[in-house]
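Protein chains: 2
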Amino acid sequence: MTGRGDSTEVTRQVPCESCPLRQMPAFREFEKPELAFVSSFKRGELAVDKGATLLSEGSNSAHLFTVLSGWGFRYKLLEDGRRQILNYVLPGDMIGLQGSLMGEMQHSVEALSPMLLCMFERDRLMALYRDYPGLAYDITWIAAREERMLDEALLSIGRRSALERAAYLLAFIASRARKVGMNGKGKVDIPITQQHVADTLGLSLVHTNKTIRKLIDRKLVQWRDGGCTVLDIDGLMALADWGGLAEQVRPLL
Amino acid sequence: MTGRGDSTEVTRQVPCESCPLRQMPAFREFEKPELAFVSSFKRGELAVDKGATLLSEGSNSAHLFTVLSGWGFRYKLLEDGRRQILNYVLPGDMIGLQGSLMGEMQHSVEALSPMLLCMFERDRLMALYRDYPGLAYDITWIAAREERMLDEALLSIGRRSALERAAYLLAFIASRARKVGMNGKGKVDIPITQQHVADTLGLSLVHTNKTIRKLIDRKLVQWRDGGCTVLDIDGLMALADWGGLAEQVRPLL
DNA sequence: CGTTAGATTGAGCTCGCTCAACCAGTGTGG
DNA sequence: CCACACTGGTTGAGCGAGCTCAATCTAACG
Numbered sequence: 021m022t023g024r025g026d027s028t029e030v031t032r033q034v035p036c037e038s039c040p041l042r043q044m045p046a047f048r049e050f051e052k053p054e055l056a057f058v059s060s061f062k063r064g065e066l067a068v069d070k071g072a073t074l075l076s077e078g079s080n081s082a083h084l085f086t087v088l089s090g091w092g093f094r095y096k097l098l099e100d101g102r103r104q105i106l107n108y109v110l111p112g113d114m115i116g117l118q119g120s121l122m123g124e125m126q127h128s129v130e131a132l133s134p135m136l137l138c139m140f141e142r143d144r145l146m147a148l149y150r151d152y153p154g155l156a157y158d159i160t161w162i163a164a165r166e167e168r169m170l171d172e173a174l175l176s177i178g179r180r181s182a183l184e185r186a187a188y189l190l191a192f193i194a195s196r197a198r199k200v201g202m203n204g205k206g207k208v209d210i211p212i213t214q215q216h217v218a219d220t221l222g223l224s225l226v227h228t229n230k231t232i233r234k235l236i237d238r239k240l241v242q243w244r245d246g247g248c249t250v251l252d253i254d255g256l257m258a259l260a261d262w263g264g265l266a267e268q269v270r271p272l273l
Numbered sequence: 021m022t023g024r025g026d027s028t029e030v031t032r033q034v035p036c037e038s039c040p041l042r043q044m045p046a047f048r049e050f051e052k053p054e055l056a057f058v059s060s061f062k063r064g065e066l067a068v069d070k071g072a073t074l075l076s077e078g079s080n081s082a083h084l085f086t087v088l089s090g091w092g093f094r095y096k097l098l099e100d101g102r103r104q105i106l107n108y109v110l111p112g113d114m115i116g117l118q119g120s121l122m123g124e125m126q127h128s129v130e131a132l133s134p135m136l137l138c139m140f141e142r143d144r145l146m147a148l149y150r151d152y153p154g155l156a157y158d159i160t161w162i163a164a165r166e167e168r169m170l171d172e173a174l175l176s177i178g179r180r181s182a183l184e185r186a187a188y189l190l191a192f193i194a195s196r197a198r199k200v201g202m203n204g205k206g207k208v209d210i211p212i213t214q215q216h217v218a219d220t221l222g223l224s225l226v227h228t229n230k231t232i233r234k235l236i237d238r239k240l241v242q243w244r245d246g247g248c249t250v251l252d253i254d255g256l257m258a259l260a261d262w263g264g265l266a267e268q269v270r271p272l273l
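Chains as they are written, first to last, in the working numbering: chain A, 21 to 273; chain B, 21 to 273.
Structure follows, in structure tokens:
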């Protein structure tokens with residue numbers, strides 16, 4: 021809630037039962053009581069602008085969020101300002117779990133676009149674990165999913181070439197976006213700058229630009245309006261030697 | 021249980037109540053009933069040799085492990101054989117959680133030394149969630165801890181120089197080892213080869229060797245008997261600009 | 001029309017890579 | 001006891017992917 025962008029806390033309470041995300045096939049069907057609890061667990065909604073810092077390293081947020089719409093990213097900084105983007109957050113993703121469980125946040129989260137978020141009370145997490153073991157299991161599942169994504173990212177940064185890394189990253193983000201319906205006729209628009217890509221891949225901005233240019237020349241992606249349009253996910257996947265998301269239906273809190 | 025090394029399954033059943041690890045100050049005190057459940061959750065012990073593959077990518081292990089003694093590492097491979105080590109596992113760490121929750125393993129785990137492991141039945145995880153919310157919470161906590169370690173690793177590989185990376189890695193491993201009592205008079209011995217370090221840092225073997233040499237020249241570490249001895253953790257931390265483990269007491273299943 | 005954010009391009013450098021030996025310790029079979 | 005092989009560490013030489021520095025360009029915006 022610090023940071024450049026504005027943020028507005030609303031109590032609009034779109035009930036979870038009619039959450040548009042929940043209808044998507046990517047998400048597991050919830051039982052009635054579970055759904056009711058989640059709905060009661062929800063404390064309100066938060067709308068933030070692009071550029072807003074949702075959570076920041078070192079802070080002790082009392083909240084846990086689920087993204088309803090918009091894009092964001094998690095990152096860490098070194099003392100001297102070097103930035104590493106750890107992962108991106110999309111609709112349906114949970115934010116702040118690490119902080120809720122372990123106290124202090126060890127990374128920050130920033131909005132890449134205007135975002136709408138569900139807010140949950142950290143304090144009620146215990147009640148969830150006590151009364152809804154199925155949901156508790158789901159939360160662990162969500163943590164394990166994040167771990168998997170990080171494993172892949174590590175493999176990519178550690179062992180792939182710049183071109184492979186870029187291809188992997190864009191294919192990965194586009195695949196996730198597609199799963200939550202953010203694709204217009206095969207194409208996926210990702211609101212990131214080349215600086216974001218550089219800070220995700222561990223490359224310099226200049227080299228990232230030259231690398232992305234190769235992807236553009238191969239007609240795998242486009243770059244325009246300060247964002248990326250993925251044209252050929254399969255082409256990117258082949259280039260990166262990546263098998264794609266192994267993802268089943270997942271829970272949505 | 022595939023792989024080069026031998027493995028022996030034992031039913032020796034050292035009861036959890038008298039587990040030597042559990043006495044360490046690094047681990048949380050458990051309630052009597054929790055402890056009893058964990059003990060009943062335990063199905064046996066597994067002893068493996070150095071080099072044994074405990075779990076492998078693509079498999080569907082029915083087990084979940086906690087390390088009682090010894091060292092191991094998690095890794096992923098690219099089709100062409102490039103290997104990325106994701107993290108190391110030490111006594112008290114849990115192995116196979118991702119696989120237990122999500123089905124198929126997406127990484128492998130290999131022993132760096134002879135290891136002794138507690139074996140748990142994957143099927144009983146649900147019962148744990150149902151009957152012991154505190155333990156369920158602990159498991160999520162453990163997953164979040166792994167996530168934190170990966171965040172740090174990503175920052176390191178992505179944004180630190182080779183020398184900083186090496187310093188970070190060895191300081192990190194030595195710190196964790198120290199927490200579980202694996203330190204003789206200030207020094208910590210880590211049973212890894214330079215090839216392991218290279219595959220963790222995303223560097224070539226040759227460059228890793230030259231980088232480690234600098235650490236040796238600065239008297240921060242020693243290298244001998246096919247292993248590493250960390251002499252000066254604080255020196256390594258300073259070199260890497262790393263603040264150290266932010267770790268509280270943690271649960272031990 | 002000046003300013004700013006983001007993309008682009010060229011030039012030169014350097015960190016980390018590959019290739020190729022070589023060395024030391026250890027274990028094995030004859 | 002020696003010859004041989006094997007693992008893991010060490011070192012030098014030359015190369016190249018990715019870096020920094022420094023401009024330039026474009027579009028959006030006030």
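Just so you know, even glycine gets a beta-carbon here, dropped at the ideal spot from N, CA and C.
Since this is a predicted model, take the numbers as computed values, not measurements.
ask   = What does B/G178 touch in chain A if you count any residue whose Cβ is under 7 Å from its own?
value = Counting from one through the second sequence, the residue named residue 178 of chain B turns up at place 158. Going along chain A in sequence order, the residues near B/G178 (Cβ under 7 Å) are Q104, I177, G222.
message = Taking 8 Å as the cut-off, does the region 167-181 of chain A touch the region 117-128 of chain A (at least 3 CB pairs, one atom from each stretch)?
response = no
request  = Closer than 9 Å by beta-carbon distance: list the chain A residues that pair up with B/Q126, in chain order.
outcome  = Walking along the second sequence from the start, residue 126 of chain B turns up at place 106. R168, D171, E172, A266, listed in chain order.
key: Candidates B/R238, B/E130, B/E99, of which the one nearest B/N107 by Cα   = Position 87 of the second sequence, counting from 1, holds the residue named residue 107 of chain B. Of the residues B/R238, B/E130, B/E99, the one whose Cα lies closest to the Cα of B/N107 is B/E130.
query = Which residues in the same chain have their Cβ closer than 7 Å to the Cβ of A/W262, if we skip the five residues on either side of it in sequence?
reply = Within the first sequence, residue 262 of chain A is the residue found at index 242, counting from 1. Hits under 7 Å: Y188, A191.
query = Where does B/R24 land, buried or exposed, given buried means 16+ other C-beta within 10 angstroms?
reply = Residue mapping note: residue 24 of chain B aligns to position 4 of the second sequence, counting from 1. Low per-residue confidence applies at B/R24: pLDDT is 47, beneath 50, and the placement is therefore not dependable enough to give any value.
request  = Would you mind telling me which residues of chain B sit closer than 8 Å to A/R233, beta carbon to beta carbon, in chain order?
outcome  = For the purposes of this step, residue 233 of chain A is identified with residue 213 of the first sequence, where counting begins at 1. Chain B residues near A/R233: none, gap ~21 Å exceeds 8 Å.
ask   = Would a C-beta distance cut-off of 8 Å place B/F47 and B/L41 closer than the cut-off?
value = As a first step, residue 47 of chain B is located in the second sequence; it is residue number 27 there, counting from the start. As a first step, residue 41 of chain B is located in the second sequence; it is residue number 21 there, counting from the start. Closer than 8 Å, so yes.
key: Residue from A/E141, A/I105, A/G64 with nearest C-alpha to A/A82   = The count along the first sequence starts at 1 and reaches residue 82 of chain A at position 62. Relative to A/A82, the option among A/E141, A/I105, A/G64 whose CA is nearest is A/E141.
task = Give me the Cβ distance between A/S195 and A/I236, rounded to the nearest whole Å; I'm assuming they're in contact under 8 Å.
result = As a working mapping, residue 195 of chain A is identified with position 175 in the first sequence. As a working mapping, residue 236 of chain A is identified with position 216 in the first sequence. Here A/S195 is actually not in contact with A/I236; their C-beta atoms are around 19 Å apart, not less than 8 Å.
request  = Please check if any C-beta of chain B sits within less than 8 Å of the C-beta of A/M122.
outcome  = Here residue 122 of chain A is taken as the residue at index 102 of the first sequence, counted from 1. Closer than 8 Å to some Cβ of chain B, the Cβ of A/M122 qualifies, so yes.
query = What's the C-alpha gap between A/Y149 and B/A163?
reply = Counting from 1 along the first sequence, the entry for residue 149 of chain A is found at position 129. Counting from 1 along the second sequence, the entry for residue 163 of chain B is found at position 143. Going by the C-alpha atoms only, they are around 15 Å apart.
message = For B/A186, would you say it is in contact with chain A, using Cβ-to-Cβ distances shorter than 8 Å as the test?
response = As a working mapping, residue 186 of chain B is identified with position 166 in the second sequence. No, because no Cβ of chain A sits closer than 8 Å to the Cβ of B/A186.
query = Hey, how far is the Cα of B/L66 from the Cα of B/A197?
reply = Counting from 1 along the second sequence, the entry for residue 66 of chain B is found at position 46. Counting from 1 along the second sequence, the entry for residue 197 of chain B is found at position 177. Each residue's alpha carbon lies about 21 Å from the other.
task = Would you mind stating whether A/I105 and A/D219 have Cβ atoms separated by less than 8 Å?
result = Against the first sequence, residue 105 of chain A aligns to sequence position 85. Against the first sequence, residue 219 of chain A aligns to sequence position 199. Taking a C-beta distance under 8 Å as the contact criterion, A/I105 and A/D219 qualify as a contact pair.
key: Residue-level contact to chain A via CB, B/Y82, 8 Å cutoff   = Here residue 82 of chain B refers to the residue found at position 62 when the second sequence is read from its first residue. According to the sequence as given, residue 82 of chain B is Ala; it is not Tyr. For B/A82, the answer is no, since every Cβ of chain A falls outside 8 Å of its Cβ.
ask   = Hey, does A/A164 have any beta-carbon neighbour from chain B nearer than 8 Å?
value = Taking the first sequence and counting its residues from 1, the one referred to as residue 164 of chain A is at position 144. For A/A164, the answer is yes, since a Cβ of chain B falls inside 8 Å of its Cβ.
task = Please decide whether A/T160 counts as near chain B, where near means a Cβ-Cβ distance under 8 Å.
result = Locating residue 160 of chain A in the first sequence gives position 140, where the first residue counts as 1. Yes, because at least one Cβ of chain B sits closer than 8 Å to the Cβ of A/T160.
ask   = Based on Cα-Cα distance, which residue from A/L221, A/E167, A/S27, A/K52 lies nearest to A/Y152?
value = As a working note, residue 152 of chain A is residue 132 in the first sequence. Of the candidates A/L221, A/E167, A/S27, A/K52, the one whose C-alpha sits nearest the C-alpha of A/Y152 is A/K52.
CB contact check: B/Y108 to chain A, cutoff 8 Å = As a working note, residue 108 of chain B is residue 88 in the second sequence. No - not a single Cβ of chain A is within 8 Å of the one on B/Y108.
request  = Determine which residues share a DSSP beta bridge with B/F93 and list them.
outcome  = Within the second sequence, the letter at position 73 stands for residue 93 of chain B. Bridge partners of B/F93: B/Y108, B/E130.
ask   = Under a Cβ-count criterion, where at least 16 other Cβ atoms within 10 Å of its own Cβ denotes burial, should A/M135 be classed as buried or exposed?
value = Reading the first sequence from its first residue, position 115 is the one you call residue 135 of chain A. Under this definition A/M135 is a buried residue.
key: The beta strand (DSSP E) enclosing A/R238, as first and last residue numbers   = As a working note, residue 238 of chain A is residue 218 in the first sequence. It is not in any beta strand (DSSP E) - A/R238 carries neither H nor E in the DSSP assignment.
key: Whole-number beta carbon distance between A/L221 and A/T228, since they are thought to touch under 8 Å   = The sequence position of residue 228 of chain A within the first sequence is 208, counting from 1. The sequence position of residue 221 of chain A within the first sequence is 201, counting from 1. Right, the Cβ-Cβ distance comes to about 7 Å (below 8 Å), so this counts as a contact.
query = Distance, Cα to Cα, B/M114 vs A/L155?
reply = Residue mapping note: residue 114 of chain B aligns to position 94 of the second sequence, counting from 1. Residue mapping note: residue 155 of chain A aligns to position 135 of the first sequence, counting from 1. Cα to Cα, the separation comes out at about 22 Å.
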